[in-house]
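Novice: The structure under discussion is supplied below as structure tokens; questions concerning it will follow.
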Amino acid sequence: MKVSTKWLQDYVDLKIDPAQLAEKIERTAVEVDEEYRLADGLKKIVVGYVQSKKPHPDSDHLNICQVDVGQEKSLQIICGAPNLEADRKVIVALPGSRIAGNVKIKRSKMRGEVSEGMICSLQEIGFAESVVPKEFANGIYFLPNNAQPGDSVYSYLGMDEAIIDLDVTPNRADMLSMRGTATELAAIYDKPVHFSHPQVTETAAEKTSDLLQVTADSTLAPTYLIRIIKNVTLKASPLWLQKRLWNAGVRPINNVVDVTNYILLDYGQPLHSFDYDQIAGKHLNVRLAHDGETLQTLDEQERQLRPGKDIVIADQQGAAALAGTMGGLRTAVSDQTTTIALESAVFDATRIRQTARRHKLHSEASTRFERGINQKTVAEALDAAAMLIAELGDGQLTKGILKAALAEPQDVTVKISLDKINQVLGTNLSVAAVEDIFQRLGFQVTVAATDFTVVIPPSRWDISIPADLIEEVARIYGYDNLPATLPTSVLTPGHYTYQQRVIRQTRQLLESAGLDQAISYGLTNNKKAQRFMMEPSAATKLSFPMSSDRTTARMNLISGLLDDVAYNVARKVENVALYEEGRVFYRQADQVRPREVEHVAGALTGEFTPSNWHEPSNGIDFFTTKGIVEFLLKSLGISQARFVRGDSHEEMHPGRTADIYLGEQFIGFVGEVHPAICQEYRIKRTYVFELDLQQIIEAPKQAELYHPISKYPAITRDVALAVDQTIENAAIINCFYDHGGKYLRSVQLFDVYQGKKMPANKKSLAYKLTYQAQDATLADEQVNQDFERVLGRLEAEFGAVVR
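In my numbering, the protein residues as written are 318 to 1120.
Dropping the structure here:
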């Protein structure tokens, strides 16, 4: 919001240096981007009168002009502007002057003819292209006829006005208007405001209600008002209005459009003007868009409206405007327009925000409707605009105002005590001081002892709770005046929770195993989110995603890791070992918010240890990945984890995947990614694992106890068992440990055989069993007894035959 201090002066008497004013606004209200004057850096730019022009003898587009600049002798200036005319007042940069970009103008020759200066366009003296009136966009600017040759041009063009560019935050939408900003500054400096209010004169004979009918759904438009101005002549706005607009960053168009923009800046109330003669059926209706309905907006784009979501202003022919966002081309004001139907309204903020985002039509109007407007001045802004259009366009107002909906603005009452204010701010303010602050802000206040009952007017719709009043007191009292004291509290030593310790230990263990940490986005697309899932879940989708690749909350970590693997492989990094610890989001179909669960996952491809001059490389395979998972679980105190063949994961390679159970509870899986998925990511064979870290954290742990190494010798027994090919090694090892006796220390598979000497449906598994006692040397009889017992158990459970 660009605020002109000269415009502010119309409403509040502030004889303050603009730089100091900007600094005060930034410390008290909202941020200030910059404070400037368009004339800053310019020098010797004056009004000139073109006495004559003639073609340059050596050019087909240059003209030789004699220009009166208030000196004894006219200056000869060469100019190539296509719209140059004699008997016009223009902008002249004298020799030795400085124009925009710190360019110095010198006396020079152009194709043999002397040029003593430069006739300038608005852009050449610092105006932005976006604010220059279109009729002067490609040529020089003509000053008004009352401009005096030789005078500085700055005051004629408003370039001597100080502009303060405010960065208004969403909660202070009241400052998106000159009157709102003036009210704020009046409170800060304890000054009175003096706003003018329109006196409506309805000179047309017709009644507005006889010319147009208006209906509105009050849930979509709590307030919807229309006035009609007849016999309007469209023309350029007077210079005072153009100056106010371009100093606010708005391009002047014509007297009708300029007035609606002027009232938008003045009151903060968006308006829209219809060409009355183009309204089909002379009936306007505020409603939601119908199925298949389209609208050609003012930017000449055909837009497909969202049925049941976009608010439209419709006539009998269909949608005529996109409410609060952009008008329709069919009913737009044109050079042939003579009767204006002027709209002033309040629309549903949520729907306006969604419409502006959906159609990429964020505008000054939609911004104000989204953040809120002063509902008390909706009708006054309409009256002020209608009267100004009638005055500048020589038109007449019809009698009456159409009210399709009119919400009565309500004051908000908030109660607060002096003790609460002083307690929060650390101040010692008196009742009188706080009451004075509330009154300066324009609030009605009633005091009972040290309690305040404050009535907030509709102009400050951002205030509704006691905390808001405390903030207002702090702002107006001055943040610099608040006491600076250190907080007093009991210091307690910080420490990690048990969950935090386990999470950090998990990261340390995986890094010690050779994996690098990766951090992926918590949002992905719907397809990737529903892969590698460990439990059924409904997808959690964003209503307004930033991109098509980030639409859904993730339900696994592996998809993100595969993206990271693919990123590295595409850049010739073929040996990748990554892990990620983070949250996934599971949701029941009948719930709105998802459940967040801690997971840990890993992805490995290529070589785990590269080859060197004396050792071959160690490629990553299923057993390497499984070993990392076993190491992690054992180090975390999970000693009873079981690995069971898993065939239920569509994204994993069949036969090379194992589900991981803790008792009967499924806690994760490990295995090779399905070749089709690898092909999709353009990566080679990749192994992954994912664990429900939350279940691991909550599971009972086996305390890690340290025992001295036994000083007594160990006894080993080797045994080869013939079993069915369907029997898993893990099941046999579990049987050894469960029934091998108290002296059994380890079981190691050292050979697998399937060949000519074995039946077709059999395989041979050879194990080494190690027995050792802590307090004595074991006798063969003790070991043999345990060994024979476990062999019998294997024979009974698995039909194993000792070879």
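Positions of the beta carbon are idealized from the N, C-alpha and C atoms, including for glycine.
(1) Taking contact to mean at least 3 C-beta pairs separated by less than 8 Å, is the region 713 to 725 in contact with the region 769 to 779?
(2) Out of curiosity, what's the CA-to-CA distance linking D482 and D350?
(3) Given that a residue counts as buried once 16 or more other Cβ atoms are within 10 Å of its Cβ, and exposed if not, what is N400?
(4) Can we say the region 506 to 513 touches the region 632 to 641, given the rule of at least three CB pairs closer than 8 Å?
(5) Using the three-state DSSP reduction, which class does D1092 fall into: helix, strand or coil?
(6) Go ahead and label T715 buried or exposed: buried means 16 or more other beta carbons lie within 10 angstroms of its beta carbon, across all protein chains shown.
(7) How long is the line joining the alpha carbons of F1104 and V1119, rounded to whole angstroms?
(8) Could you check whether the region 610 to 625 touches the region 552 to 566, counting it as contact only if at least three pairs of C-beta atoms, one from each stretch, sit closer than 8 Å?
(9) Go ahead and pull the three-state DSSP assignment for S829.
(10) I'd like the ranges of any alpha helix (DSSP H) spanning at least 4 consecutive residues and lying wholly in the region 637 to 707.
(11) Specify the secondary structure class of T730 as computed by DSSP and reduced to three states.
(12) Indicate whether V917 and T823 have their beta-carbon atoms separated by less than 7 Å.
(13) To which residues of the same chain is L537 closer than 8 Å at the C-beta, ignoring the five residues directly before and after it?
(14) Could you tell me which whole beta strand (DSSP E) segments of length 3 or greater appear in the region 570 to 637?
(15) For the putative contact between D347 and V485, defined by C-beta atoms under 8 Å, what is the C-beta separation to the nearest angstrom?
(16) Kindly list the residues whose CB is nearer than 8 Å to the CB of D468, restricted to its own chain and excluding five residues on each side of it in sequence; keep chain order.
(17) Could you tell me whether the region 572 to 582 touches the region 749 to 757, where touching means 3 or more Cβ pairs closer than 8 Å?
(18) According to DSSP, simplified to helix, strand and coil, what is M492?
(19) Where in the region 427 to 485 do unbroken runs of the alpha helix (DSSP H), each at least 4 residues long, occur, reported from the N-terminal end onward?
(20) Find the nearest neighbour of R670 within the set A662, E687, L678, A658, judged by alpha-carbon distance.
(21) Between the alpha carbons of G972 and Q996, how many angstroms are there, rounded?
(22) Please report the residue range of the beta strand (DSSP E) in which H970 lies.
(23) Determine the contact status of A856 and T869, defining contact as a CB-CB distance below 7 Å.
(24) Quick one, which of V367, S376, G413 has its alpha-carbon nearest F459's?
(25) Cα separation between M851 and L895?
(26) Return the CA-CA distance between I836 and Q825, expressed in angstroms with no decimal places.
(27) Once DSSP output is grouped into helix, strand and coil, what is the label at K844?
(28) Assess, as a yes-or-no matter, whether the region 1021 to 1032 is touched by the region 1071 to 1085 under the definition of 3 or more beta carbon pairs within less than 8 Å.
(29) Can you tell me whether DSSP reads T540 as helix, strand or coil?
(30) Residues in its own chain within less than 7 Å of L950 by CB, not counting five upstream and five downstream?
(31) Between the alpha carbons of V1040 and R888, how many angstroms are there, rounded?
(32) When you compare the region 611 to 618 with the region 587 to 599, are there three or more beta-carbon pairs, one atom per stretch, that lie closer than 8 Å?
(33) Nearest to V748 by alpha carbon, out of A766, Q740, Q761?
(34) Skipping 5 residues on each side, what residues in its chain have a beta carbon closer than 8 Å to that of E343?
(35) If you draw a straight line from the C-alpha of S651 to the C-alpha of D592, how long is it?
(36) Going by beta carbon distance, what residues of the same chain come within less than 7 Å of Q817, once the five residues before and after it are set aside?
Specialist: So, from the listed chains and residues:
(1) no
(2) Taking the first residue of the sequence shown as position 1, residue 482 is located at position 165. Taking the first residue of the sequence shown as position 1, residue 350 is located at position 33. So the alpha carbons of these two residues sit roughly 5 Å apart.
(3) Working through the sequence shown from its first residue, we reach residue 400 at position 83. Flag for N400 reads exposed.
(4) no
(5) Stepping through the sequence shown from its first residue, residue 1092 is reached at position 775. Coil, per DSSP.
(6) Locating residue 715 in the sequence shown gives position 398, counting from the first residue. With 16 or more Cβ atoms within 10 Å of its Cβ, T715 is classed as buried.
(7) One-based indexing of the sequence shown puts residue 1104 at position 787. One-based indexing of the sequence shown puts residue 1119 at position 802. Their Cα atoms are separated by approximately 12 Å.
(8) no
(9) Locating residue 829 in the sequence shown gives position 512, counting from the first residue. Here S829 sits in helix by DSSP.
(10) 666 to 676, 681 to 688
(11) Within the sequence shown, residue 730 is the residue found at index 413, counting from 1. When DSSP states are grouped into helix, strand and coil, T730 belongs to the strand group.
(12) Counted from its first residue, the sequence shown places residue 917 at position 600. Counted from its first residue, the sequence shown places residue 823 at position 506. Cβ distance < 7 Å, so V917 and T823 count as in contact.
(13) Position 220 of the sequence shown, counting from 1, holds the residue named residue 537. Closer than 8 Å at Cβ, skipping near neighbours: V603, R604, L605, I628, A640, F664, D665, R668.
(14) 588 to 592, 600 to 605, 611 to 613, 619 to 621, 628 to 632
(15) For the purposes of this step, residue 347 is taken as residue 30 along the sequence shown, with counting starting at 1. For the purposes of this step, residue 485 is taken as residue 168 along the sequence shown, with counting starting at 1. Per the sequence shown, the amino acid found at residue 347 is Val instead of Asp. Correct: roughly 5 Å between the Cβ atoms.
(16) In the sequence shown, residue 468 corresponds to position 151, counting from 1. V363, V364, G387.
(17) When C-beta atoms of the region 572 to 582 are compared with those of the region 749 to 757, fewer than three pairs fall below 8 Å, so the two segments do not count as touching.
(18) By 1-based counting over the sequence shown, the position of residue 492 is 175. Here M492 sits in helix by DSSP.
(19) You should have 471 to 474.
(20) Along the sequence shown, one-based indexing puts residue 670 at 353. Comparing Cα positions, the closest option is E687.
(21) Here residue 972 is taken as the residue at index 655 of the sequence shown, counted from 1. Here residue 996 is taken as the residue at index 679 of the sequence shown, counted from 1. If you take the alpha carbons of G972 and Q996, they lie about 19 Å apart.
(22) Within the sequence shown, numbered from 1, the residue matching residue 970 stands at position 653. H970 -> beta strand (DSSP E) spans 969 to 979.
(23) Here residue 856 is taken as the residue at index 539 of the sequence shown, counted from 1. Here residue 869 is taken as the residue at index 552 of the sequence shown, counted from 1. Yes. Within cutoff.
(24) Position 142 of the sequence shown, counted from the first residue, corresponds to residue 459. Out of V367, S376, G413, V367 has the C-alpha closest to the C-alpha of F459.
(25) Position 534 of the sequence shown, counting from 1, holds the residue named residue 851. Position 578 of the sequence shown, counting from 1, holds the residue named residue 895. Distance between the alpha carbons of M851 and L895: 20 Å.
(26) The residue labelled residue 836 in the question sits at position 519 within the sequence shown. The residue labelled residue 825 in the question sits at position 508 within the sequence shown. Approximately 15 Å between the Cα atoms of the pair.
(27) Translated into positions along the sequence shown, residue 844 becomes position 527. Helix at K844.
(28) No: the two stretches stay apart, fewer than three of their Cβ pairs being nearer than 8 Å.
(29) Stepping through the sequence shown from its first residue, residue 540 is reached at position 223. Three-state result, T540: strand.
(30) Locating residue 950 in the sequence shown gives position 633, where the first residue counts as 1. The answer, listed in chain order, is A958.
(31) Mapped onto the sequence shown, residue 1040 falls at position 723. Mapped onto the sequence shown, residue 888 falls at position 571. Each residue's alpha carbon lies about 47 Å from the other.
(32) Pairwise C-beta distances place the region 611 to 618 out of contact with the region 587 to 599, as fewer than three of them are shorter than 8 Å.
(33) Translated into the one-based positions of the sequence shown, residue 748 becomes position 431. Closest option to V748, Cα to Cα, is A766.
(34) Numbered from 1 along the sequence shown, position 26 holds the residue referred to as residue 343. Correct list, in chain order: V349.
(35) By 1-based counting over the sequence shown, the position of residue 651 is 334. By 1-based counting over the sequence shown, the position of residue 592 is 275. Rounded to the nearest angstrom, the two C-alpha atoms are 8 Å apart.
(36) Along the sequence shown, one-based indexing puts residue 817 at 500. Cβ neighbours of Q817 beyond the five flanking positions: none.
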